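Here is the structure we will look at, set down as structure tokens.
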Amino acid sequence: MATLPAAVLKDGREKSLLARHPWIYSGAIERAPDLPPGASVDVHAADGTWLARAAYSPASQIRARVWSFDPAEAIDADFFRRRVDAAVARRHAMFDAAHDAARIVHAESDGMPGVIADRYGDVVVVQLLSAGADAHRATIVDALSAATGASVIVERSDAEVRTLEGLEPVSGVIAGTLPARLAIREQGLVYRIDVLTGQKTGFYLDQRDNRRLVREHAAGRRVLNAFCYTGGFTLAALAGGAQSVLSIDSSAAALGLGRSSLAMNPAIAALPAQWKDADVFAELRALRNAGATFDLIVLDPPKFAPTAAHAQRAASAYKDINLLALKLLVPGGLLATFSCSGGISAEFFRKIVAGAAVDARTDATLVATLGASADHPLTLAFPEGEYLKGMLLRKAD
Ligand code: SAH
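Numbered according to my numbering, the sequence shown spans residues 1 to 397.
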């Protein structure tokens, strides 16, 4: 194997790498040569011990991201082929007659920092979000194409985090032709998705298990789905026998897809579903002032705190909506509440909602602790991967 340029860490800064954490912050590096974005480097401890092989990112605070902890492993086309094949193979059980969509590569958790890939039937949507991922674009796309046999590959590298890596947003169809109307199957339900202009890569795949949970608890209930996006939880609740569902979002495009998704599911298409284009904060207040009540509420807001620096302001936003939701629930009603903020820990989120219950003059029991579904695995060495936290709560009688 050809020798790679070496980055040497400051004394004592090797600890996180020895614990297999894949990020090397700029402040941990004693010296590194001038390297182009995404170049492979060997990372050494101050005493010269080899630690890892990583992608260098000169513009980022996260100066390098580990590709491999194995000194014998070269970062070449075979490497990406092996990693992608393994990641895809781990998800085999998530595809069946009722499901044709799941995340197939989940970045650090699959040993590929900065690489996300979601499979929607015959379409794979890839996000290359780090300098290292960007530098190996063609190789990664080839590996995804070979591992899945998908006929269409779309890129959605337009997430905010790319700017932290000094990268421009990139999106568009890389291979094949996108069908004019794309739909997927989850839990036997058909959902329309827009992979080119939708949020994330088009669908919140991470909520699959939680949509099933809501479906299981929906029978006979009047449901409020706040921050509904394209109605993932809405269709799930209707399929579970909900009496009615009110879905609120501020994106007219998302609501439009939700409506047409519902129309594509004959068994539930005629059930009482109302879609409202509104600000959830204002609408929850308006519902409360009007004396409305619900038996089951889903609160799945966008990330109010992308990093810990936003945590305090985000906390008051989370408290506000959870307080209102708890007031809108009937005694014994259920609240499925989520935070996808990297800057808010599960423990802090629970404290915020506990505070909301106190202010709503009620109490709640934790029926279940929720997280992202199995296609978004969490590796113990990388706690930052735990971005989605949720709770299913039962309001006191
Ligand atoms: N639960 C959804 C995903 C929700 S993502 C699913 O399972 O698919 C968060 C949603 O909140 C986005 O659709 C976004 O348009 C919406 N949103 C963000 N801020 C909002 C606000 N203040 N009022 C209403 N909707 C908002």
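Glycine residues also receive a C-beta, built at the ideal position from the N, C-alpha and C atoms. Keep in mind the model is a prediction, meaning the values are calculated, not measured.
Buried versus exposed, by CB contacts within 10 Å (16 or more), Thr337: Classification of Thr337: buried, given that the 10 Å Cβ count is 16 or more.
Buried/exposed call for Pro113, threshold 16 Cβ in 10 Å: buried
Any non-hydrogen atom of the ligand SAH closer than 6 angstroms to Ala254 Cβ: Result yes, Cβ under 6 angstroms from the ligand SAH.
Secondary structure of His99, DSSP reduced to three states: strand
Through-space distance from Leu238 to Ala219, alpha-carbon basis: 8 angstroms
Check whether Arg31 and Asp42 have beta carbons under 7 angstroms apart: Taking a C-beta distance under 7 angstroms as the contact criterion, Arg31 and Asp42 do not qualify as a contact pair.
Continuous alpha helix (DSSP H) stretch holding Ala19: start and end: Unbroken run through Ala19: none, as it is neither H nor E.
Contact between the stretch 137 to 146 and the stretch 245 to 261 (3+ Cβ pairs under 8 angstroms): The stretch 137 to 146 vs the stretch 245 to 261: no contact.
Buried or exposed (CB count within 10 angstroms, at least 16 for buried), Pro5: exposed
Pro302 beta carbon near the ligand SAH (any heavy atom closer than 6 angstroms): Checking the 6 angstroms criterion, the Cβ of Pro302 is within range of a heavy atom belonging to the ligand SAH.
Extent of the continuous beta strand (DSSP E) to which Tyr318 belongs: Segment 311 to 328 is the alpha helix (DSSP H) holding Tyr318; no beta strand (DSSP E) there.
Span of the beta strand (DSSP E) around Thr369: 364 to 371
Beta-carbon proximity check, Ile24 vs Ala87, cutoff 7 angstroms: Going by C-beta atoms, Ile24 is not nearer than 7 angstroms to Ala87.
Alpha-carbon to alpha-carbon, Leu328 and Thr293: 5 angstroms
Stretch pair the stretch 142 to 150 + the stretch 118 to 131: three plus CB contacts closer than 8 angstroms: yes
Short Cβ contact (7 angstroms threshold) for Lys303 with Ile352: No, the pair does not count as a contact, with Cβ atoms beyond the cut-off.
For Leu265, the nearest candidate out of Phe95, Tyr191, Ala309, Gly371 (CA to CA): Per the sequence shown, the amino acid found at residue 265 is Asn instead of Leu. Of the candidates Phe95, Tyr191, Ala309, Gly371, the one whose C-alpha sits nearest the C-alpha of Asn265 is Tyr191.
Where Asn225 falls, given that 16 or more other Cβ within 10 Å makes a residue buried: buried
Own chain partners of Val195 with C-beta closer than 8 angstroms, once the 5 adjacent residues on each side are dropped: Tyr120, Val123, Val125, Val154, Arg156, Leu178, Leu182, Thr201, Gly202
Start and end residues, beta strand (DSSP E) containing Asn289: No beta strand (DSSP E) holds Asn289; the alpha helix (DSSP H) holding it covers 280 to 289.
Whole-angstrom C-beta distance between Arg103 and Asp375, which should lie under 8 angstroms: Sure, about 4 angstroms apart at Cβ, within 8 angstroms.
Spatially closest choice to Glu160 from Pro306, Ala315, Ala314, Leu388, by CA coordinates: Minimum Cα-Cα distance from Glu160 among the listed residues Pro306, Ala315, Ala314, Leu388 corresponds to Pro306.
C-alpha gap between Ala404 and Ala314, whole angstroms: Coverage of the chain is limited to positions 1 through 397, which leaves residue 404 absent and any answer about it impossible.
Any non-hydrogen atom of the ligand SAH closer than 6 angstroms to Phe79 Cβ: no
Residue range of the unbroken beta strand (DSSP E) whose run includes Asn265: Element bounds for Asn265: n/a, residue is neither H nor E.
Asp277 Cβ short of 6 angstroms to the ligand SAH heavy atom set: It does not: the Cβ of Asp277 is nowhere closer than 6 angstroms to a heavy atom of the ligand SAH.
Cβ-heavy atom distance, Asp249 to the ligand SAH, below 6 angstroms: Yes, since a heavy atom of the ligand SAH falls inside the 6 angstroms radius drawn around the Cβ of Asp249.
Under 7 angstroms between C-beta atoms of Pro301 and Phe227: Taking 7 angstroms as the Cβ cut-off, Pro301 and Phe227 qualify as a contacting pair.
The alpha helix (DSSP H) enclosing Ala138, as first and last residue numbers: 137 to 148
Element boundaries [alpha helix (DSSP H), containing Gly232]: Taken as a continuous stretch (DSSP letters only), the alpha helix (DSSP H) holding Gly232 covers 232 to 239.
Three-state secondary structure assigned by DSSP to Leu182: strand
Coil, strand or helix - Ile174 by DSSP: strand
Exposure label - Gln61; buried when at least 16 CB within 10 Å: exposed
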